[in-house]
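Asks: Take a look at the following structure, please.
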Amino acid sequence: MLNKDHPRYKSLLYREKIVKAHDAGILADSGMIAHGRGETFDYLIGEKTTPNAKNTIDIAACYFLVAKNPVISVNGNTTALVADEIAELSKLLDIPIEINLYYRTDERVLNISRVYEDLGITNLLGTNDDEFIDTPDLNGPRSPVSIDGINKADLIFIPLEDGDRAEKLTINNNKNTICVDLNPLSRTAQTSTVSIVDNIVRVIPELIDSIKKHENMSKDELNAKIESFSNEENLSNSIDDIIKRFK
Ligand code: PTJ
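Each number in my numbering corresponds to the 1-based position in the sequence shown with 887 added.
See the structure below:
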């Protein structure tokens, strides 16, 4: 149905994925609103990965390569847009995917589980069969996490989150968090250890490439790159990138 010559072809393609995921009981109703919010910020950054975001993705790759127990946390929107790429990332690093939803229902968990199982993921946590424990200091539906997953993890990848979980995981629970959030001013972006301000559809392929480029580096070299990074500077650059486009 979609015309490839349409100037907003890619944007329409992602909208179609979002609508299909909603029809399939994967996306929360609010996921549509969250997607629209993301589109607005993507428009403001020029719908491309900025050099600053590229550098942040490289830092994220270094974090993944030095972490002892990294976990990829997924929700409805991430699954709707990049399930294939998330499965590839999980296989590349041999790390678990954990389903963690804000609007959690047994049915949505089952539908999302099936997507990853069909992609060959066996290390899938946060399913309806899992054992859960509450995240200390965090109330709400995202608090219960898999005992063997986010609970034990030293690094959690949290694309497209809402509000306060990043803050609680990073500050109160002393874990490293890497978020992907097109809004550099969101609480998630402001409180994560590393905030990738870019569209998830561009981030995951770029992150996979970056991990492959960095995988033969020594731990010392990777840690030196991590040490040289400031998330505060990254967020400030992300805001400047938007302002510069409209000057
Ligand atoms: O699947 P569930 O039940 O866990 O619910 C997921 C949503 C996304 C509905 C829930 O977490 C939510 O309401 O999130 P928020 O508060 O709308 O935040 C989502 C953030 O992701 C916003 O800051 C958006 O700008 C950002 N965002 C949306 N689409 C993208 C994005 N960031 C990167 N890439 C995108 N494609």
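Every residue, glycine too, gets a C-beta built ideally from N, C-alpha and C.
1. Determine the extent of the beta strand (DSSP E) in which PRO957 is found, giving its start and end residues.
2. Excluding sequence positions up to five away, which residues of its chain have a Cβ less than 8 Å from the Cβ of LYS941?
3. Report yes if the C-beta of GLU903 is less than 8 Å from at least one heavy atom of the ligand PTJ; otherwise report no.
4. With respect to the alpha helix (DSSP H) encompassing ALA953, which residues constitute its N-terminal and C-terminal limits?
5. Determine, using beta carbons only, whether ILE999 comes closer than 9 Å to chain B.
6. Could you pull the start and end residues of the beta strand (DSSP E) that LEU1042 belongs to?
7. Pick out whichever of ASN964, SER1117 and ALA947 has its Cα sitting closest to the Cα of PRO957.
8. Please state whether DSSP places PRO1092 in a helix, a strand or coil.
9. What residue range does the alpha helix (DSSP H) around ASP916 cover?
10. Using a Cβ distance threshold of 8 Å, determine whether the stretch 995 to 1007 contacts the stretch 919 to 937, with at least three qualifying pairs required.
11. Restricting to Cα atoms, I'd like to know which of ARG1132, ASP1085 and GLU1119 is closest to ILE944.
12. Less than 9 Å between the C-beta atoms of ASN1015 and SER1000, yes or no?
13. With distances taken between CB atoms, is the gap from TYR950 to LEU1012 smaller than 9 Å?
14. Regarding HIS922 and the ligand PTJ, is the C-beta to nearest heavy atom distance less than 8 Å?
15. Just to confirm my understanding: we take ILE1020, look at its own chain, exclude 5 residues before and 5 after, and list those with CB closer than 6 Å. What are they?
16. Hey, is ILE915 close to the ligand PTJ, as in C-beta under 8 Å from one of its heavy atoms?
17. Report the partner residues of THR1064 according to the DSSP bridge assignment.
18. What do you reckon, is the C-beta of THR1075 under 8 Å from a heavy atom of the ligand PTJ?
19. When burial is assigned at 16 or more other CB atoms within 10 Å of the CB, is PRO983 buried or exposed?
20. To the nearest angstrom, how far is it from the Cα of PHE1116 to the Cα of LEU1122?
21. Given this structure, state the Cα-to-Cα distance separating ILE1087 from LYS978, to the nearest angstrom.
22. Return yes when the C-beta of LEU1042 is under 8 Å from any heavy atom of the ligand PTJ, and no when it is not.
23. Bridge partners of VAL1081, per DSSP?
24. What's the call for LEU889, buried or exposed, on a 16-neighbour Cβ count within 10 Å?
25. Take LEU952 as the anchor and find which of ASN1118, SER1097, ASP1128 and LYS1134 has the nearest alpha-carbon.
Replies: So, to answer that:
1. Residue numbering aside, residue 957 sits at position 70 when the sequence shown is read from its first letter. Counting along the chain, the beta strand (DSSP E) containing PRO957 begins and ends at 957 to 961.
2. Here residue 941 corresponds to residue number 54 of the sequence shown, with the count starting at 1. Answer for LYS941: GLU1093, listed in chain order.
3. To locate residue 903, count along the sequence shown from 1; it is residue 16. For GLU903, the shortest separation between its Cβ and any heavy atom of the ligand PTJ does not lie below 8 Å.
4. Mapped onto the sequence shown, residue 953 falls at position 66. Here residue 953 turns out to be Val, not Ala, going by the sequence shown. Secondary structure note for VAL953: its alpha helix (DSSP H) is the uninterrupted segment 938 to 953.
5. Among the protein chains of the structure shown there is no chain B, as only one such chain exists.
6. In the sequence shown, the residue the question calls residue 1042 occupies position 155. Where LEU1042 is concerned, the enclosing beta strand (DSSP E) stretches over 1042 to 1046.
7. Sequence index remark: in the sequence shown, residue 957 carries index 70 (1-based). That would be ALA947, whose Cα lies nearest to the Cα of PRO957.
8. Here residue 1092 is taken as the residue at index 205 of the sequence shown, counted from 1. Per DSSP, reduced to three states, the secondary structure at PRO1092 is helical.
9. For this step, residue 916 is matched to residue 29 along the sequence shown. Element bounds for ASP916: 916 to 932.
10. The answer is no - the stretch 919 to 937 does not touch the stretch 995 to 1007, with fewer than three Cβ pairs under 8 Å.
11. Translated into positions along the sequence shown, residue 944 becomes position 57. Ranking the options by Cα distance to ILE944, first place goes to ASP1085.
12. The residue given as residue 1015 occupies position 128 in the sequence shown. The residue given as residue 1000 occupies position 113 in the sequence shown. Yes, the Cβ-Cβ distance between ASN1015 and SER1000 is below 9 Å.
13. Along the sequence shown, one-based indexing puts residue 950 at 63. Along the sequence shown, one-based indexing puts residue 1012 at 125. No; because the gap between Cβ atoms is not below 9 Å, this pair is not in contact.
14. Position 35 of the sequence shown holds residue 922. HIS922 has its Cβ nearer than 8 Å to a heavy atom of the ligand PTJ.
15. On the sequence shown, residue 1020 is found 133 positions in, with the first residue counted as 1. Taking C-beta separations shorter than 6 Å and ignoring five residues to either side along the sequence, the partners of ILE1020 in its chain run ILE1034 and ASN1038, following chain order.
16. Numbered from 1 along the sequence shown, position 28 holds the residue referred to as residue 915. A small fix is needed here, since residue 915 is Ala in this sequence, not Ile. Yes, the Cβ of ALA915 comes within 8 Å of a heavy atom of the ligand PTJ.
17. Here residue 1064 refers to the residue found at position 177 when the sequence shown is read from its first residue. Beta-bridge pairing links THR1064 to ILE1043.
18. Your numbering for residue 1075 matches position 188 in the sequence shown. Yes.
19. Here residue 983 is taken as the residue at index 96 of the sequence shown, counted from 1. Buried, by the Cβ-count rule.
20. Position 229 of the sequence shown holds residue 1116. Position 235 of the sequence shown holds residue 1122. One C-alpha to the other measures close to 11 Å.
21. In the sequence shown, the residue the question calls residue 1087 occupies position 200. In the sequence shown, the residue the question calls residue 978 occupies position 91. Approximately 18 Å between the Cα atoms of the pair.
22. The sequence position of residue 1042 within the sequence shown is 155, counting from 1. LEU1042 Cβ: outside cutoff for every heavy atom of the ligand PTJ.
23. As a working mapping, residue 1081 is identified with position 194 in the sequence shown. ILE1065.
24. Residue numbering aside, residue 889 sits at position 2 when the sequence shown is read from its first letter. That one is exposed.
25. Taking the first residue of the sequence shown as position 1, residue 952 is located at position 65. The shortest C-alpha separation from LEU952 is found at SER1097.
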